[in-house]
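Protein chains in written order, with the working numbering: chain A, 5 to 282; chain B, 843 to 1328.
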Amino acid sequence: MPGQPNKRQKRDDYRTSLSQSEHRIQLPKKKFYRQRAHANPFSDHVLTYPESPDTMDWSPYYPSFTITNENESHEDTEISNIPHLSKRVEIADIGCGYGGLLFALAPRFPDQLLLGLEIRTSVTEFVQEKIKAMRQQNSETGLYQNVACLRANTMKFLPNFFYKAQLSKIFLCFPDPHFKARKHKARIVSSTLNSEYAYVMKPAGVIYTITDVEDLHNWMVEHFEAHPSFERISKTEEDVDVCVKIMKSETEEGKKVERNGGHKFVACFRRFEDPPWP
Amino acid sequence: MTVYDRFPFSCLDCSIPEGNENHRILFAASGPKIFSINLEKKSNIQVWPQADNQAKRADQENDDHGEPPGKKRKLSPPPGSPNILKLTLSHNRKHLVAVSSEDKCIRVFSVSEQGSLDQLSQRCMPKRPSAIALTWDDDTIFCGDKFGDVYALPLLPPSGEPIGTPLPDDMEASQEEQKELFIPSATNLTVHTARNRRALENQAKIKKPVKTKEPLKFSHQLLLGHVSMLTDLTLVTLSDENMGSKRNYILTADRDEHIRVSRGVPQAHIIEGFCLGHKEFVSRICLPRPEILVSGGGDDFLAVWDWVNRGLKNKINIHGAVGEFPKNVRPTGKGDPPVREPEERKIAVSGLWAYPQGPGESLLVTCEEVPALFHLAIADLESPDPVLRSIPLNGNPLDVVVAGNSVIVSIDTSVKSSCTGEEMERISRLQSFVIKSDKSWNRIDELNEILYEADKEINTVGDVGSMHDILYGIENLRKRGGESDT
Ligand SMILES: C[S@@+](CC[C@H](N)C(=O)[O-])C[C@H]1O[C@@H](n2cnc3c(N)ncnc32)[C@H](O)[C@@H]1O
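Below you can see the structure in the form of structure tokens.
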């Protein structure tokens, strides 16, 4: 929602001063990055996304994992000029919002690259600024170098960012519920989209879901269980998974629900190995 | 003022009996009608639907013996009848599948020896079908729609199933939505926006389930889906020599530059990979050989893929060859369209076909509002500088069908190219060519004569301008910036 002229001015001033300031030690303030809650996943947003995973330059996102290539390749193709990372992203938070989960997970998985994907521009910028600040505040330990956030419509462009069988964990935390039946196709879980999640996931990789909307929980369970590539993980296994614990307590939505004394419904699904061809 | 022009043929298919090339029947849809044109005999045309009053009257008036229906009739389509956009003949030539736009319907006809059509079923889809294919055994129709979903429907509905469905009111989405139980969707403890809270309150007020849509009343299966408009769909079977087995694949293309490779039924939920490399929409995919895929769309190149391994083999620039032909656009009535500089000329590939006959083996290419048929040797697809040759046409090509060694092109004579209106009147809407082994081309006199006669006899007229967006929808797939974010 466009703010009042002077409110918007303040926000712009704030953001420029933040990005120009030499010591970005301060964490960004959320109030300057709020944005209308819903973005239409079907419309043609002005999005930037790579043509294919081969053409994605990850180096600005994970500078300390970038390999500086000594023996310069002389092939002058577009792709061979793209810097490489020492590892690939394996943990994705889809619709990461303000990134609470990412900041909690990053120190727990220091050897893995984590990526938040978010469709709302301002919210993405907030997470990006916060990552910068957290990296600077923790420059001694080198924490948070393994986390990044980018703007993307994951319902359309996951295969542009990730190779087949690249991800080991996907988080779908408190997805927009789209209550009205007419809007159900906008839900981030559906039998057809689940095939795309299966495509970008390694066999035995896990999809984590959490919501406070029981109806949406049932919907997600129903659609993942009905999909031949996934099986639901047992309650006992869920209970010992540290990611489940973090997901319950560290997401912004999770905290809100906690404050309001609401319920949280968790369901996790493991990706099967693809069956042989018939 | 509405101008009535000769209505073009929006789509074509052709029946070529094996071992009997002399019994070809061309199916050509014009507006809401489908004509079956015998390509070996003059004046042998049948029309569907037959039973409208106009047709009866015309038949009575012209009741000379043996005068085929369809002779010398001025038909302007009754207002509101759905226009037919796609025709697909089954591999055994016994059934014809027609897709119409306004009612989003799939109609299946049985085809007689002589080519007359008898409607067997009519199934209306939840969204407008945008791509259609039949399995090799002709048992199943695969239908992709505007919202990216691909459904499988039996060609012949199982006995007991109604053969015609009423128009769906407002079937908004896939079947899953119908399972919605109307327990309030969130508890009052759920924290949400004011808008959600309102939706919730409204749900609580309505005790009964809200009927959002009718379920599809015929057998169907949702196979896969893109979150984007599906533009083309192809089925292919590869035989694995080592295993002696066959693998079925479903190839789908969308408006968001994707070409997806999925396994065939019953594993259509498994995505094998994507062919990524287009920068604009993909509108057409074609397999001139089972293992080679050619794709085209809003880019000024065609992409050649080793689709099994998702490798890009070649990009063939078509900008030069297409740029030789000025765009032939329908005047908007607001003066002449601005003449564009060649470098900002946008290309929208509207069709790709394989012309597999003998030494002239070629890929045929058409682009929207470009009055030419381009061809390219299939042997050159992977060479660094393939030559794109052109056959100039005297109007915009709308569809092409390869009938044995002849290529039949449907030409929109309602958009005046360089000819005067009177000259346009004499141009046949159906024309045929042959591509020879030295890659030169010829008109086929004998066949053209039959097509010319058929064109004269089929006197459909209508307000073609009002159909413009349906006949010329490809360039509209290009993205124009979209909604702002703040
Ligand atoms: C209710 S919020 C939850 C945020 C966060 N996961 C949490 O639990 O605090 C849902 C988020 O998903 C984002 N989102 C919705 N559709 C998306 C899409 N297609 N691609 C990327 N993000 C999307 C929304 O912008 C929103 O920030």
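Built from N, CA and C at the ideal position, the CB exists for glycine as well.
If you're wondering where the values come from, they're calculated on a predicted model, not measured in any experiment.
Any beta carbon from chain B within less than 7 angstroms of residue i's own beta carbon?
| i | result |
| --- | --- |
| A:Ser199 | yes |
| A:Met159 | yes |
| A:Tyr53 | no |
| A:Ser56 | yes |
| A:Trp281 | yes |
| A:Asp180 | no |
| A:Met128 | Reading the sequence as shown, one finds Thr at residue 128 of chain A and not Met. False, the Cβ-Cβ gap to chain B never drops below 7 angstroms. |
| A:Pro207 | no |
| A:Lys168 | yes |
| A:Pro163 | yes |
| A:Tyr203 | yes |
| A:Pro32 | no |
| A:Asp48 | yes |
What residue range does the beta strand (DSSP E) around residue i cover?
| i | result |
| --- | --- |
| A:Tyr212 | 205-215 |
| B:Gly1128 | The sequence shown places Cys at residue 1128 of chain B, not Gly. Unbroken beta strand (DSSP E) run through B:Cys1128: 1124-1131. |
| B:Leu1205 | 1204-1209 |
| B:Gly1165 | Taken as a continuous stretch (DSSP letters only), B:Gly1165 belongs to no beta strand (DSSP E), being part of the alpha helix (DSSP H) at 1161-1165. |
| B:Arg965 | 959-966 |
| B:Leu1144 | 1143-1148 |
Between residue i and residue j, which are expected to be in contact by the criterion C-beta below 8 angstroms, what is the C-beta distance as a whole number of angstroms?
| i | j | result |
| --- | --- | --- |
| A:Pro67 | A:Phe165 | Wrong, their Cβ atoms sit about 18 angstroms apart, outside the cutoff. |
| A:Val204 | A:Leu162 | 6 angstroms |
Beta carbon of residue i: closer than 6 angstroms to some heavy atom of ligand 1?
| i | result |
| --- | --- |
| A:Phe178 | yes |
| B:Gly990 | no |
| A:Pro45 | yes |
| A:Arg40 | no |
| A:Met224 | no |
| B:Met1071 | no |
| A:Glu242 | no |
| A:Thr215 | no |
| A:Arg124 | yes |
| A:Asp255 | A small correction: the amino acid at residue 255 of chain A is Thr; Asp does not occupy that position in the sequence shown. Indeed, a heavy atom of ligand 1 lies less than 6 angstroms from the Cβ. |
| A:Thr158 | yes |
| B:Leu1065 | no |
| A:Gly99 | yes |
| B:Leu1272 | no |
| A:Leu154 | no |
| A:Leu109 | no |
| A:Leu121 | yes |
Could you pull the start and end residues of the alpha helix (DSSP H) that residue i belongs to?
| i | result |
| --- | --- |
| A:Trp223 | 218-230 |
| A:Thr240 | 239-244 |
| A:Gly104 | 104-109 |
| A:Asn164 | 158-165 |
| A:Gly258 | 256-263 |
| A:Glu122 | Here A:Glu122 belongs to no alpha helix (DSSP H); instead the beta strand (DSSP E) covers 117-122. |
| B:Asp1287 | 1287-1299 |
When the cut-off is 7 angstroms and only beta carbons count, does residue i lie next to chain A?
| i | result |
| --- | --- |
| B:Gly1115 | yes |
| B:Gly1139 | no |
| B:Gly1193 | no |
| B:Arg1089 | yes |
| B:Ser1069 | According to the sequence shown, residue 1069 of chain B is Val rather than Ser. Closer than 7 angstroms: yes. |
| B:Lys1321 | yes |
| B:Leu1072 | no |
| B:His907 | At B:His907, the pLDDT of 43 sits below 50, so the modelled position is not reliable; the number obtained from the coordinates is stated separately. B:His907 does not count as touching chain A. |
| B:Asp1098 | yes |
| B:Leu1066 | yes |
| B:Asn1030 | Unreliable positioning characterises B:Asn1030 in this predicted model, as indicated by a pLDDT of 42, which lies under 50. The coordinate reading is nonetheless provided below. Cβ-Cβ to chain A under 7 angstroms: no for B:Asn1030. |
| B:Leu1118 | yes |
Following a CB-centred definition, is residue i positioned closer than 6 angstroms to any heavy atom of ligand 2?
| i | result |
| --- | --- |
| B:Glu1210 | Ligand 2 is not part of the structure shown, which contains ligand 1 as its ligands. |
Got a sec: is the Cβ-Cβ distance from residue i to anything in chain C below 7 angstroms?
| i | result |
| --- | --- |
| B:Ile1112 | Of the protein chains in the structure, A and B, none is chain C. |
Exercise for the section: Could you tell me whether the region 929-937 of chain B touches the region 971-983 of chain B, where touching means 3 or more Cβ pairs closer than 8 angstroms? Expected result: Segments in contact, yes.
Handout entry: Stretch-stretch touch, CB-based, cutoff 8 angstroms, three pairs: the region 1074-1086 of chain B with the region 157-172 of chain A
Key = Contact between the region 1074-1086 of chain B and the region 157-172 of chain A is not established, with fewer than three Cβ pairs separated by less than 8 angstroms.
Problem - Cβ contact (3+ pairs, closer than 8 angstroms) linking the region 233-253 of chain A and the region 209-216 of chain A - result: With the cut-off at 8 angstroms, the region 233-253 of chain A and the region 209-216 of chain A touch.
Practice task
Would you check if there are 3 or more beta carbon pairs closer than 8 angstroms linking the region 137-156 of chain A to the region 174-194 of chain A?
Solution key: Taking 8 angstroms as the limit for Cβ pairs, the verdict is that the region 174-194 of chain A does not touch the region 137-156 of chain A.
Practice task
State whether the region 1145-1161 of chain B contacts the region 1109-1120 of chain B, with contact taken as three or more CB pairs (one from each stretch) at a distance under 8 angstroms.
Solution key: Touching, yes.
Exercise for the section: Examine the Cβ distances between the region 1236-1253 of chain B and the region 1206-1213 of chain B and report whether three or more of them are shorter than 8 angstroms. Expected result: Contact between the region 1236-1253 of chain B and the region 1206-1213 of chain B is present, with at least three C-beta pairs closer than 8 angstroms.
Handout entry: Inter-stretch contact at 8 angstroms, needing at least 3 Cβ pairs: the region 39-54 of chain A / the region 108-124 of chain A
Key = The answer is yes - the region 108-124 of chain A touches the region 39-54 of chain A, with three or more Cβ pairs under 8 angstroms.
Practice task
Answer yes if the region 263-282 of chain A comes into contact with the region 1278-1286 of chain B, meaning at least three C-beta pairs across the two stretches below 8 angstroms, and no otherwise.
Solution key: Judged by pairs of C-beta atoms under 8 angstroms, the region 1278-1286 of chain B does not touch the region 263-282 of chain A, as fewer than three such pairs exist.
Problem - At least three beta-carbon pairs within less than 8 angstroms, the region 984-994 of chain B to the region 1055-1070 of chain B - result: Yes: the two stretches touch, three or more of their Cβ pairs being nearer than 8 angstroms.
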